[in-house]
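S.K.: I'd like to ask some things about the structure below.
There are 2 protein chains.
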Amino acid sequence: MEDLIKILQSKNIHPSHQRIKILEILENNEDHMNVNMIYEELLKEIPTISKTTVYNTLSTFAEKGLVHCLTITPEEMRYDYRAKPHHHLLCTQCGRIIDVDVQCPYADVMEIDGHRIEEIQGYFKGTCRECLSHDKAQIIK
Amino acid sequence: MEDLIKILQSKNIHPSHQRIKILEILENNEDHMNVNMIYEELLKEIPTISKTTVYNTLSTFAEKGLVHCLTITPEEMRYDYRAKPHHHLLCTQCGRIIDVDVQCPYADVMEIDGHRIEEIQGYFKGTCRECLSHDKAQIIK
DNA sequence: TATTAATTTATAATTATTATAACTATGGAA
DNA sequence: TTCCATAGTTATAATAATTATAAATTAATA
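So this is what it looks like as structure tokens:
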């Protein structure tokens, strides 16, 4: 709790009750939640929470660099709360978004072809390890 | 025209008038159009075209591998019509999506951490060359 | 305390996309 | 040719994520 407040303050975000709770959810839950997932979690603790607040807060968090916005699913924005930059795999079978810790040769590149690079996102699409092994089990059956 | 029909047929897509025209637009216009851009272009030639047809056609094209779907802009899907795989830069200043032909070390990787990889998309965000030089010109003024 | 600013909420508006069903064109089979 | 099945197109409505707006609440400050 104290930690969460400190994190917010270190990013110049005023630690309101709602913002603390949202940060807590990001810390405790699996990564890559969308607004609705966060909203549903929040309802358990703040039944009066408004979805607009979730949107506002996440956009503040993104501006201040506390979360990263992922557009890997076409439907809606996903939010990534993890310090170290990494890439992502979308499993087209189960829909999960999985961290992929491949080393990226452009991770520290500031410039390509004269363009200034501020962010890199690598999106892989395919079938995750778990789905593959289920598939194999199916075939054997 | 004949060529367009052959392209569609080679992908097992029945070459209807609308589909030929949509493919023509993809060939002649700058890459990375969204549905609306394609729809507006189409209206000039087929005033009765329906936006649903554009959606249907593009999703068919994507299924058959004739276009690639980009989610680099959070608002809407962009369609990439180009043979060679490549990555993209979104300029946060002018909004353009620019092809980035960096060589990707994972281009031919079929598997990472046990996951099967079928597609890779690299999204860079930053400021494009042109915007940077405009900025510089501004400062000098 | 009074006042101002920041934050949250409720609500409506916007917009991309999908679903549905009717309509049209096409290509055989009778 | 006529009938029928199918694919393709269109018009329309529905869905859902996001943003805009304004009112209400909370916190901060003089």
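Top to bottom, those sequences are chains A and B. Heads up, this note's numbering is the position in the first sequence plus 1271, with the first residue counted as 1. Heads up, this note's numbering is the position in the second sequence plus 1271, with the first residue counted as 1. Beta carbons: idealized from backbone N, C-alpha and C, even for Gly.
1. Spell out a yes or no on whether the stretch 1364-1377 of chain B and the stretch 1329-1339 of chain B are touching, meaning 3 or more CB-CB pairs, one atom from each, closer than 8 Å.
2. Mind checking which residues open and close the beta strand (DSSP E) that includes VAL1413 of chain A?
3. Is the distance from the Cβ of LEU1294 of chain A to the Cβ of LEU1279 of chain A below 8 Å?
4. So the beta strand (DSSP E) THR1398 of chain A belongs to, where does it begin and stop?
5. Using 10 angstroms around the beta-carbon of ARG1349 of chain B, count the other beta-carbons present and answer buried if the total reaches 16, otherwise exposed.
6. Classify CYS1375 of chain B as helix, strand or coil using the three-state DSSP reduction.
7. Could you tell me the distance, in whole angstroms, from the CA atom of GLY1434 of chain B to the CA atom of GLY1397 of chain A?
8. Leaving out the 5 sequence neighbours to the left and right, which residues in its chain are closer than 6 Å to TYR1377 of chain A when beta-carbon positions are compared?
9. Going by beta-carbon coordinates alone, are CYS1362 of chain B and CYS1399 of chain B separated by less than 8 Å?
10. How would you call ARG1353 of chain B, buried or exposed, if buried means at least 16 neighbouring beta carbons within 10 angstroms?
11. Just to confirm the assignment, what range does the alpha helix (DSSP H) spanning HIS1288 of chain A have?
12. Within 8 Å, do at least three Cβ pairs link the stretch 1297-1304 of chain A to the stretch 1315-1323 of chain A?
13. Quick one: is THR1324 of chain B near chain A, going by C-beta distance under 8 Å?
14. Can you list, in chain order, the residues of its chain whose CB lies under 7 Å from that of GLU1273 of chain B, leaving out five sequence neighbours each side?
15. Does the beta carbon of ILE1303 of chain B sit closer than 8 Å to a beta carbon anywhere in chain A?
16. Check the C-beta distance from LEU1403 of chain A over to ARG1387 of chain B and give it rounded, since I have them as a contact under 8 Å.
17. Give me the DSSP bridge partner(s) of MET1304 of chain B.
18. Please identify, using Cβ separations under 9 Å, the residues of the stretch 1377-1392 of chain A that lie next to chain B, in order along the chain.
19. Rounded to whole angstroms, what is the Cα-Cα separation between THR1342 of chain A and HIS1358 of chain B?
20. Starting from the beta carbon of ILE1293 of chain B, find every residue of chain A whose beta carbon is closer than 7 Å, and list them in chain order.
21. Of the residues that make up the stretch 1339-1352 of chain B, which ones have a beta carbon closer than 8 Å to any beta carbon in chain A?
22. If distances are taken between C-alpha atoms only, which option among B:THR1328, B:ASP1379 and B:THR1344 comes closest to TYR1394 of chain B?
23. Out of A:PRO1356, A:MET1308, A:LEU1297 and A:THR1324, state which residue places its alpha-carbon closest to the alpha-carbon of ASP1379 of chain A.
24. For a test of the three-state rule: what should DSSP assign to HIS1405 of chain A, helix, strand or coil?
M.R.: According to the structure data:
1. no
2. The displayed coordinates of chain A run from 1272 to 1412. Any statement about residue 1413 of chain A would go beyond what the structure contains.
3. Within the first sequence, the letter at position 23 stands for residue 1294 of chain A. Within the first sequence, the letter at position 8 stands for residue 1279 of chain A. It is a contact, given that the beta carbons lie within the stated cut-off.
4. Counting from 1 along the first sequence, the entry for residue 1398 of chain A is found at position 127. 1386-1398 is the span of the beta strand (DSSP E), which, as asked, contains THR1398 of chain A.
5. Walking along the second sequence from the start, residue 1349 of chain B turns up at place 78. Burial check for ARG1349 of chain B: the Cβ neighbour count within 10 Å reaches 16 or more, so the residue is buried.
6. For the purposes of this step, residue 1375 of chain B is taken as the residue at position 104 of the second sequence. Looking at CYS1375 of chain B - three-state DSSP - the assignment turns out to be coil, as it is neither helix nor strand.
7. Residue coverage of chain B in this structure runs from 1272 to 1412, which leaves residue 1434 of chain B outside it and unanswerable.
8. In the first sequence, counting from the first residue as 1, residue 1377 of chain A sits at position 106. The residues ILE1391, in chain order, have a CB closer than 6 Å to that of TYR1377 of chain A in the same chain once the five nearest residues on each side in sequence are set aside.
9. Indexing the second sequence from 1 puts residue 1362 of chain B at position 91. Indexing the second sequence from 1 puts residue 1399 of chain B at position 128. Contact flag set, yes.
10. The residue labelled residue 1353 of chain B in the question sits at position 82 within the second sequence. Burial call: exposed.
11. As a first step, residue 1288 of chain A must be located in the first sequence, where it is residue number 17. Taken as a continuous stretch (DSSP letters only), the alpha helix (DSSP H) holding HIS1288 of chain A covers 1288-1299.
12. no
13. The residue you call residue 1324 of chain B lines up with position 53 of the second sequence. Output row for THR1324 of chain B: interface = no.
14. For the purposes of this step, residue 1273 of chain B is identified with residue 2 of the second sequence, where counting begins at 1. Scanning its chain for C-beta atoms nearer than 7 Å, with the 5 sequence neighbours on each side dropped, one finds no residue around GLU1273 of chain B.
15. On the second sequence, position 32 is the one that residue 1303 of chain B refers to. The sequence given here has His at residue 1303 of chain B, not Ile. Chain A, which has no Cβ nearer than 8 Å to the Cβ of HIS1303 of chain B, makes this no.
16. Position 132 of the first sequence, counting from 1, holds the residue named residue 1403 of chain A. Position 116 of the second sequence, counting from 1, holds the residue named residue 1387 of chain B. Yes, LEU1403 of chain A and ARG1387 of chain B are in contact; Cβ-Cβ is about 6 Å, under 8 Å.
17. Position 33 of the second sequence, counted from the start, is the residue given in the question as residue 1304 of chain B. The bridge partners DSSP lists for MET1304 of chain B are B:TYR1350.
18. Cβ contacts with chain B come from TYR1377, VAL1380, MET1381, GLU1382, ILE1383, ASP1384, GLY1385, HIS1386, ARG1387, ILE1388, GLU1389, GLU1390, ILE1391 and GLN1392.
19. Counted from its first residue, the first sequence places residue 1342 of chain A at position 71. Counted from its first residue, the second sequence places residue 1358 of chain B at position 87. So the two alpha carbons sit approximately 15 Å from each other.
20. The residue labelled residue 1293 of chain B in the question sits at position 22 within the second sequence. The premise fails here: ILE1293 of chain B is roughly 19 Å from chain A at the closest Cβ pair, so nothing lies under 7 Å.
21. Residues CYS1340, THR1342, ILE1343, THR1344, PRO1345 and MET1348.
22. Position 123 of the second sequence, counted from the first residue, corresponds to residue 1394 of chain B. For TYR1394 of chain B, the nearest C-alpha among the options comes from B:THR1344.
23. Taking the first residue of the first sequence as position 1, residue 1379 of chain A is located at position 108. The shortest C-alpha separation from ASP1379 of chain A is found at A:PRO1356.
24. Here the question's residue 1405 of chain A lines up with position 134 in the first sequence. The answer is helix: DSSP assigns HIS1405 of chain A an H, G or I state.
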